[in-house]
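Q:
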Amino acid sequence: MGLTVSKPFRGRPILFTGAWLWLTIIAPAQAEESQPERAKDLRYGWVLYEYHQGNAFEALTQLAVAREQGGIDGHGDHPALVEGGLMLSWGMTREASRLFTQLLGDDGTGSTLSPDVRNQAWFYLGKVFYLQGDHGLASKNLERVDGDILAEANHDLFREWIYLRARLAMMDSRLEEESELASLQMQLEDTDIWSLYLQYNSAVSALAAGDTVAAEAELQALIAVIDESTDSAEPETEREGLLGRARLSLARLYLRANQFEAALDVLGDMPLNGMFADQALFDYAVAAAGQGRPRRALDALDTLSNRDLFLPWRQQVPFARAYVLEQMNRPQRALPAFEKAADHYEARIEALDNIRDRLSEETLMAQLDFSRDSDGILTDSYGRLRVQPVDFGMAEVLASETFQQALAELNELYRMQSFVAERQSRFESFRIMLATREQQRQIRIAQTRRALENQQADQWQLLHEGFREKISSALSDGDAGFFMTSRQKALRDKLDEVEETLAGLPDDATTASQRATYQRMRAYFDWWIADDYGVNRWEAQKQLRELDREMEHFQAQRQRVETLMADDARHDELARRIVDSERELATLGEEVADALGNARQALLSQVDSMLVAQQEELNGYLLASRHAQARLADQLFRASQRAGAGAGDE
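Take -11 as the starting number for the sequence shown in this note's numbering and just add one per residue.
So this is what it looks like as structure tokens:
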């Protein structure tokens, strides 16, 4: 009776970011701009692709990389909004809250996002904190929502927002909250499913406060409203589920007050194929036994015993059936029923002992049937794994939120471990690439050295130095002949030939005339050489300077080639980065392995605690069954003794 119902939110809540990315995609990038039809930044498109593939971790990684590379252009504050949603999907609610507060501002006006998007951002953040049980932060974020804007943009979210605020007000005992609760309830129609859930929770709150009269009135009114609104547009399964729970709660309220007839009337209206049929059958048996109708109680227990599923809470059925037979004053049938119950409890306790002894991750996972597709294990709209127990004794612990969270965390850690292993496998490829690159580099170095040898660089350097020394010596000596041009050198050679020819001729008038002409020519030549000395010297020095520059360039290039061949800084940097990355990835792998061990231990501890609790409960039923056996055996023995004594007297 103390169970509080929280509305099973339809759609895809922010806890798994589906609705969140719906906001970020359909809303305009700026308050005054139209919606972009496609991603303007390739990195942002890659982030959205990873999200839609269900890879939240990869999407967060892409956002981090994009931020390090200068951020995403063309989408305003949307990437930060997406990052906040992805943080929520990983349970990083505090970090997401800080990001949203920094992005949107405390008053919700600190962003260029449209008011509608900002409004729904606060709503989903408040909803996540409500689901996590942090009512203070939930209330703080929900109060930032503008109800008028939300009602106009999405009326379904507006109704849900009213429900969440009403639930928070219901949990607060202050007087002003009671008036706020009444005001909020007035904003919902009586037949609205959110209003019905509020009414049920109001009954539970009244019962927790000890006001059974108010709780009974609330439950009766709730049942009447649901019965009258069967034509509502709300899903019938949801209303039928709430109706069944309300009837079951009302019946148990009557049972606590020993109003068995009233409990039977309520339970009699519940269908045998409903989601609460098993609990209703057992409560019906209790009510019938209390009313003095053991036959009805036995029929209900027999029906319950024939059900295929056997949840832990139904372990009491064998004992209850034997107990009803005893109350019917049928000890001959009750005694074997208690014996059968005791045998059942002993077998179940032994089975639980065996399960505990063999309990490991492998045996635990063997008891769980996961729904899968080509991308891995499927999840529901809350981010929980879609899993069914093979052994329905696991149903109770599997239904707990802590177990579901631990199971989801274990699955995510295995995905991260697989991600790390896949990245580590790539390092071998990187090493092969580096080795191939180094091999190709050595081949190119050998080719370059052969090319340098063919250039005879040292010989050219010697020739250059010799030429420089000759020019320097000629400059020092003022040797004009050294700087003669090719034409002048050719003329000098002709004059030398003429001089040699004239020297071999006899001395006569003709020869004397020729020699005089030669002397004039030689004098003119010498004057010409002396006159052109400055020009020729400058030309030679110019050519020397050009040769010096070319030789310096040649030597610089050669030195650069030698340096590149001696040292490959780029190769060393790549190798260093690979080593550093491998070290960081190894550290991350160790952290993931440690987290996996802790998550595995937490999961097994929860299962072991559940098994221990079941054993303790079964031990109680076993002890009661043994006591009942002894009591009935003694009763039957005494009856047989009395019957034997009566026959002897006759």
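Beta carbons: idealized from backbone N, C-alpha and C, even for Gly. Predicted model only: the values in this text are computed from it and were never measured.
Rounded to whole angstroms, what's the CA-CA distance from E224 to A209? Just pull it up for me.
A: 19 angstroms
Q: What number of angstroms, rounded off, separates the C-alpha of L499 from the C-alpha of G492?
A: Per the sequence presented here, residue 499 reads as Thr, with Leu not at that position. The alpha-carbon atoms of T499 and G492 are separated by roughly 10 angstroms.
Q: From what residue to what residue does the beta strand (DSSP E) around Q376 run?
A: 375 to 377
Q: Within the continuous alpha helix (DSSP H) that includes L255, where are the two ends?
A: Unbroken alpha helix (DSSP H) run through L255: 248 to 256.
Q: DSSP has G364 in a bridge; who is on the other side?
A: According to DSSP, G364 bridges with D361.
Q: How big is the Cα-Cα spacing for A497 and W516?
A: 29 angstroms
Q: Hey, could you find the ends of the alpha helix (DSSP H) E38 is sitting in?
A: 30 to 40
Q: Please classify R235: is it buried, with 16 or more other beta-carbons within 10 angstroms of its beta-carbon, or exposed?
A: buried
Q: Can you tell me the Cα-Cα spacing of Q18 and L92, whole angstroms?
A: Per-residue confidence for Q18 stands at a pLDDT of 36, beneath the threshold of 50, marking its modelled position as unreliable; no derived number is given.
Q: Quick check: the Cα distance between Q507 and P494, rounded to an integer number of angstroms?
A: 17 angstroms
Q: Given this structure, state the Cα-to-Cα distance separating M539 from F455, to the nearest angstrom.
A: M539 and F455: Cα-Cα distance of roughly 12 angstroms.
Q: Based on DSSP bridge pairs, tell me the residues matched to L356.
A: P377
Q: Give every residue of the same chain whose Cβ lies closer than 7 angstroms to the Cβ of Q594, excluding the five residues on either side of it in the sequence, and list them in chain order.
A: Same-chain partners within the cutoff: V385, T390, F391, A394.
Q: Taking only runs of the alpha helix (DSSP H) that begin and end inside the region 85 to 151, which ones reach a length of at least 4 residues, in chain order?
A: 103 to 119, 123 to 130, 135 to 141
Q: Is it buried or exposed, V192, if we count other Cβ atoms within 10 angstroms and call 16 or more buried?
A: The residue in question, V192, is buried, as its Cβ has 16 or more Cβ neighbours within 10 Å.
Q: Among the residues of its own chain, which have a CB less than 7 angstroms from the CB of M159, if the five just before and after it don't count?
A: H123
Q: Taking Cβ to Cβ, would you say L289 is nearer than 8 angstroms to A268?
A: no
Q: According to the neighbour-count rule (16 or more other Cβ atoms, all chains shown, within 10 Å of its Cβ), is E177 buried or exposed?
A: exposed
Q: Residues in its own chain within less than 7 angstroms of F117 by CB, not counting five upstream and five downstream?
A: T81, L125, A126, N129
Q: Helix, strand or coil for A245? Go by DSSP, reduced to three states.
A: coil
Q: Please check if any C-beta of chain C sits within less than 8 angstroms of the C-beta of Q355.
A: Chain labels in this structure do not include chain C; a single protein chain is all it has.
Q: In whole angstroms, what is the alpha-carbon distance linking M174 and D144?
A: 16 angstroms
Q: Might you give, ordered along the chain, the residues of its own chain that have their beta carbon closer than 6 angstroms to the beta carbon of A15, omitting 5 neighbours on each side?
A: Caution is warranted here: a pLDDT of 36 is assigned to A15, below 50, making its placement in the model unreliable, and no coordinate value can be reported.
Q: Where does R281 sit, in a helix, a strand or coil, going by DSSP?
A: coil
Q: Which whole-angstrom value describes the C-beta separation of E314 and A322, a residue pair presumed to lie in contact below a C-beta threshold of 8 angstroms?
A: 4 angstroms
Q: DSSP on R626, reduced to helix/strand/coil?
A: helix
Q: By alpha-carbon positions, which one of L490, S190, S217 ends up nearest to E206?
A: S190
Q: Along the chain, where does the alpha helix (DSSP H) that runs through F307 open and close?
A: From DSSP, the alpha helix (DSSP H) with F307 extends over 304 to 315.
Q: Tell me the DSSP secondary structure of E675 in three-state form.
A: Outside the shown range of the chain (-11 to 638) lies residue 675, about which nothing can therefore be said.
Q: Given L422, which residues of its chain have a CB within under 8 angstroms of its CB, disregarding the five upstream and five downstream residues?
A: H559, L562, A563, I566
Q: Roughly how far, in whole angstroms, is the beta-carbon of V580 from the beta-carbon of Q405, given that I think they are within contact range, below 8 angstroms?
A: 5 angstroms
Q: Measuring straight from C-alpha to C-alpha, what distance separates E585 and S417?
A: At residue 585 the sequence reads Gly, which differs from the Glu that was named. Approximately 30 angstroms between the Cα atoms of the pair.
Q: In three-state DSSP terms, what is G58?
A: Note: G58 maps to coil in three-state DSSP.
Q: Taking the alpha carbon of I459 as the reference point, which residue from L535, F513, E397, R414 has its own alpha carbon closest?
A: L535
Q: I'd like the list of long-range same chain contacts for P282, defined as Cβ closer than 6 angstroms, with 5 residues on each side in sequence excluded.
A: V312, Q315, M316
Q: Identify, in the order they occur along the chain, each residue of the same chain with its Cβ nearer than 8 angstroms to the Cβ of S501, setting aside the five sequence neighbours on each side.
A: Hits under 8 angstroms: none found.
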